[in-house]
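Residue numbers (this note's numbering): 5 to 294.
See structure below.
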């Protein structure tokens, strides 16, 4: 039990120990992009945010980033996540050093050591005592094997640590949203992240090695947008025309992804309302179904 001097009061009358906060567990550097608005929201009310990445993302390629002699892809991507975390208001990220492979549950020398992962997560949860944990969904969000195994490790660590707070997964479906049909669970909490556009853009821009993945050219989906694109190409020598050309940028990526969906995986053990109900029930940027 924390003493009176170690208690911080949060919106909605919530109290949390000063070593509490938000724990975000991801499989690779850049996965935090999909929960970046939620991270900003939590940082806005003064909660410390810890990001833990199971891998360094060394199989993701260095893209257009010029490598320094002696610097590997893992070094580049670790640095990118550190820069991204700072842009979002999170602390220095933690890496567990597991291999970045397509199917980390498959047998072989590169399979993840889940005992180590669960042990490190359990230790961190007991040490930091987060008020909420955010991670990938049980099915990986969109069927990603590493994301799915990350969730299973987090769920086991939550059980072993006797974590009392709420566990949420990100990349949950938001009706009518861009790319959302790929996701495998419906959201029960939705964060309108438009107020954090500048910080989200700064975060994504830090992942220079992954620009070819996130910023792929796209084809306009409606007749009106296709006409606008044709106008843009015809007048590409002007600023007004260039704005209409369908070239992906970090700003346009988040224009198409303004709302983040979260799915509740575990409610607080003592039956009290979960973190978002306690802290953001009256915040117009947060829609809560349950």
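We put the beta carbon where it would ideally sit given N, CA and C, even for glycine.
Note that the structure is a prediction, hence the values are computed from the model and not measured.
Item	Value
Distance between residue 104 and residue 32 (C-alpha atoms, nearest Å)	8 Å
Residue 292 in three-state terms, based on DSSP	strand
Endpoints, alpha helix (DSSP H) assigned at residue 87	77-92
Residue 49 - DSSP class collapsed to helix/strand/coil	coil
Candidates 82, 208, 146, 279: closest to residue 61 by CA position	82
Which listed residue (203, 293, 269, 227) has its alpha carbon closest to that of residue 48	203
Inter-residue Cα distance where the pair is residue 206 and residue 42	15 Å
Rounded C-alpha distance that separates residue 14 from residue 26	Because the pLDDT of residue 14 is 48, which lies under 50, any placement of that residue in the model is unreliable, and the number read from its coordinates should be weighed accordingly. Distance between the alpha carbons of residue 14 and residue 26: 13 Å.
Whether residue 55 touches residue 97 by CB criterion (7 Å)	yes
Opposing strand residues paired with residue 55 [DSSP bridges]	28
Nearest-angstrom Cα separation, counted from residue 276 out to residue 148	32 Å
Inter-stretch contact (C-beta, 8 Å, three-pair minimum) for the stretch 154-168 and the stretch 183-193	no
Terminal residues of the beta strand (DSSP E) in which residue 207 lies	Residue 207 -> not in any beta strand (DSSP E); alpha helix (DSSP H) instead, spanning 201-210.
Alpha-carbon spacing of residue 269 relative to residue 34, whole angstroms	22 Å
The beta strand (DSSP E) enclosing residue 100, as first and last residue numbers	98-102
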